[in-house]
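If you read the sequence shown in our numbering, its first letter stands for residue 34, the second for the next number, and so on.
Working notes, beginning with the structure itself.
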Amino acid sequence: FLKDIKLECGKKYSKIDLAKSAKALKVYCTNVEKPCVAYVMVEVSKGKTELWSAGESSKGLLGQGENTKKSQSFAKLDYDSDKVNFVEVFSKYDHTLALTDDGQLYG
34 FLKDIKLECG KKYSKIDLAK SAKALKVYCT NVEKPCVAYV MVEVSKGKTE LWSAGESSKG
94 LLGQGENTKK SQSFAKLDYD SDKVNFVEVF SKYDHTLALT DDGQLYG
């Protein structure tokens, strides 16, 4: 996965460009080799946040649509960001949970 987004272990840190001039706020990731998914909470405009992911998972952890198994660049998860505002993410092994600002739990 790291090589897919142009990073490798043991190399210097490199900047990962996010689309839409988004500003990264928080980063989360799975803790196993496969599935390997990274999530980033981004601010896409003043006060407007979205949850994006990149990586590889055959179990739906990317959240970018039912048929998306691999994403080599960060992209928004498939949800209505005008109605749902994620504030925290927990991801381990083959499951991910996300908490909204009004206390709703998604998984």
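The beta carbon of each residue, even a glycine, is placed where N, CA and C say it ideally should be.
As the structure is a computational prediction, the values presented were derived from the model and not from experiment.
CB of residue i within 8 Å of CB of residue j, strictly
{"i": "residue 129", "j": "residue 140", "result": "yes"}
{"i": "residue 88", "j": "residue 73", "result": "no"}
{"i": "residue 106", "j": "residue 97", "result": "no"}
Sequence-distant residues of its chain with Cβ nearer than 6 Å to residue i (five each side left out)
{"i": "residue 114", "result": "83"}
{"i": "residue 122", "result": "61, 72 and 131"}
Burial state of residue i (16 or more Cβ within 10 Å)
{"i": "residue 60", "result": "exposed"}
Rounded separation between residue i and residue j - CA only
{"i": "residue 133", "j": "residue 47", "result": "30 Å"}
{"i": "residue 99", "j": "residue 49", "result": "25 Å"}
{"i": "residue 93", "j": "residue 55", "result": "24 Å"}
{"i": "residue 80", "j": "residue 124", "result": "25 Å"}
Spatial neighbours of residue i in its chain, beta-carbon cut-off 7 Å, leaving aside the 5 residues before and after
{"i": "residue 120", "result": "132, 133 and 134"}
{"i": "residue 57", "result": "51, 73 and 75"}
{"i": "residue 138", "result": "130 and 132"}
{"i": "residue 118", "result": "82, 133 and 134"}
{"i": "residue 95", "result": "70, 86, 88, 101 and 104"}
Integer Cβ distance of residue i from residue j, believed to fall under 8 Å
{"i": "residue 102", "j": "residue 86", "result": "The pair is not a contact, with the Cβ atoms about 12 Å apart (cut-off 8 Å)."}
{"i": "residue 126", "j": "residue 63", "result": "7 Å"}
{"i": "residue 77", "j": "residue 53", "result": "6 Å"}
Cβ shell of residue i (< 8 Å), same chain only, five flanking positions each side left out
{"i": "residue 109", "result": "83, 84, 85 and 97"}
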